[in-house]
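**Q** In full-length UniProt numbering, the protein residues as written are 1 to 204. All C-beta atoms, glycine included, are put in the ideal place defined by N, C-alpha and C. If you scroll down you'll find the structure; I have some questions about it.
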Amino acid sequence: MGNELKIGVLISGSGSNLQSIMDACAKGTINGRVVCVISNKADAFGLERARKAGIPALHLDHRAYTGREAYDEALVATLREFDVDLVVLAGFMRIITSVLLDAFPMRVMNIHPALLPAFPGLHAQRQALEYGAKVAGCTVHFVDCGTDTGPIIIQAAVPILAGDTEESLCARIQKEEHRIYPEAVRLFSEGLLQVDGRVVTVSA
Ligand code: GRF
Numbered sequence: 001m002g003n004e005l006k007i008g009v010l011i012s013g014s015g016s017n018l019q020s021i022m023d024a025c026a027k028g029t030i031n032g033r034v035v036c037v038i039s040n041k042a043d044a045f046g047l048e049r050a051r052k053a054g055i056p057a058l059h060l061d062h063r064a065y066t067g068r069e070a071y072d073e074a075l076v077a078t079l080r081e082f083d084v085d086l087v088v089l090a091g092f093m094r095i096i097t098s099v100l101l102d103a104f105p106m107r108v109m110n111i112h113p114a115l116l117p118a119f120p121g122l123h124a125q126r127q128a129l130e131y132g133a134k135v136a137g138c139t140v141h142f143v144d145c146g147t148d149t150g151p152i153i154i155q156a157a158v159p160i161l162a163g164d165t166e167e168s169l170c171a172r173i174q175k176e177e178h179r180i181y182p183e184a185v186r187l188f189s190e191g192l193l194q195v196d197g198r199v200v201t202v203s204a
């Protein structure tokens with residue numbers, strides 16, 4: 001298809017969000033294609049998902065590099081090899097540096113399992129439970145140089161129910177993740193996202 005968005009996905013684990021984006025591409029909901037999947041972990045199940053879909057699946061081991069910048073240089077080189085337009089972080093458990101962000105300005109997205117700016121960082125669902133919050137959710141945002149601080153694209157809320165465990169809350173949130181992440185990528189692929197400072201708007 002013409003002007004098809006070339007998506008590079010970075011993962012570290014299961015890759016269920018990757019799957020939701022691959023499925024939306026296959027269905028034609030997203031005018032785009034996942035052209036490569038890169039994991040810093042060799043055993044990430046998401047690599048299997050990619051291979052099954054016939055998508056190049058690469059393991060780039062962060063431990064083989066001298067530091068975060070050197071690792072990000074390798075990521076950028078690989079993403080460029082595949083001519084990637086949009087970088088999607090989907091459970092990628094690495095802090096990224098300006099090396100990657102400068103190479104893809106406002107072209108790196110992330111999903112975080114909380115209603116940002118509440119509960120950034122690790123174990124967001126546990127943080128929400130321990131805080132006693134009554135509502136949780138997930139956020140798709142553009143990535144900037146902070147931790148989970150970039151401009152918000154879409155959020156979805158879910159209730160926190162009496163008796164919830166971290167697992168039950170994770171599952172409820174993930175259902176929404178699998179809906180809003182492909183939707184955010186779709187909006188991007190159609191050129192409908194405008195960013196003005198912190199504020200992202202969707203054109204009609
Ligand atoms: C998701 O919960 C996402 O919010 C967080 O990491 C998890 C990745 O899950 N950033 P998966 O690998 O996509 O299944």
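In the DSSP assignment, find the beta strand (DSSP E) that holds His123 and state where it starts and stops.
**A** Here His123 belongs to no beta strand (DSSP E), and DSSP marks it neither H nor E.
**Q** Compare the beta carbon distance of Val158 and Glu176 with 8 Å and say whether it is the shorter of the two.
**A** A contact, by the Cβ cut-off of 8 Å.
**Q** In chain order, what residues place their C-beta within less than 7 Å of a heavy atom belonging to the ligand GRF?
**A** Any heavy atom of the ligand GRF counts here; residues with a Cβ closer than 7 Å to one of them, in chain order, are Ile11, Gly13, Ser14, Gly15, Ser16, Asn17, Leu18, Gly46, Ala90, Gly91, Asn110, Ile111, His112, Pro113, Cys138, Cys170, Ile173, Gln174 and Glu177.
**Q** Would you say Ile11 touches the ligand HEM, meaning its beta carbon is less than 7 Å from a heavy atom?
**A** Because the ligand HEM does not appear in the structure shown, any question about it cannot be addressed here, the ligands present being the ligand GRF.
**Q** Do you know offhand how far Ala57's Cα is from Val199's?
**A** For Ala57 and Val199, the distance between alpha carbons rounds to 34 Å.
**Q** If we call anything under 8 Å between Cβ atoms a contact, is Ile154 one with Glu183?
**A** yes
**Q** Under 8 Å, do Asn110 and Val76 count as touching if we go by C-beta distance?
**A** no
**Q** Measuring CA to CA, which of Leu18, Gly67 and Glu73 is closest to Arg49?
**A** Leu18
**Q** Report yes if the C-beta distance between Ser12 and Phe92 is below 8 Å; otherwise report no.
**A** yes
**Q** Taking the alpha-carbon of Ala26 as reference, which of Ala42, Gly46, Leu10 and Ile55 has the nearest alpha-carbon?
**A** Nearest of Ala42, Gly46, Leu10 and Ile55 to Ala26, Cα basis: Ile55.
**Q** Going along the chain, which residues of its own chain have a beta-carbon closer than 7 Å to the beta-carbon of residue 214, five neighbours each way excluded?
**A** No answer is possible for residue 214: the residues shown for the chain start at 1 and end at 204.
**Q** According to the Cβ coordinates, are Gln127 and Glu166 closer than 8 Å?
**A** no
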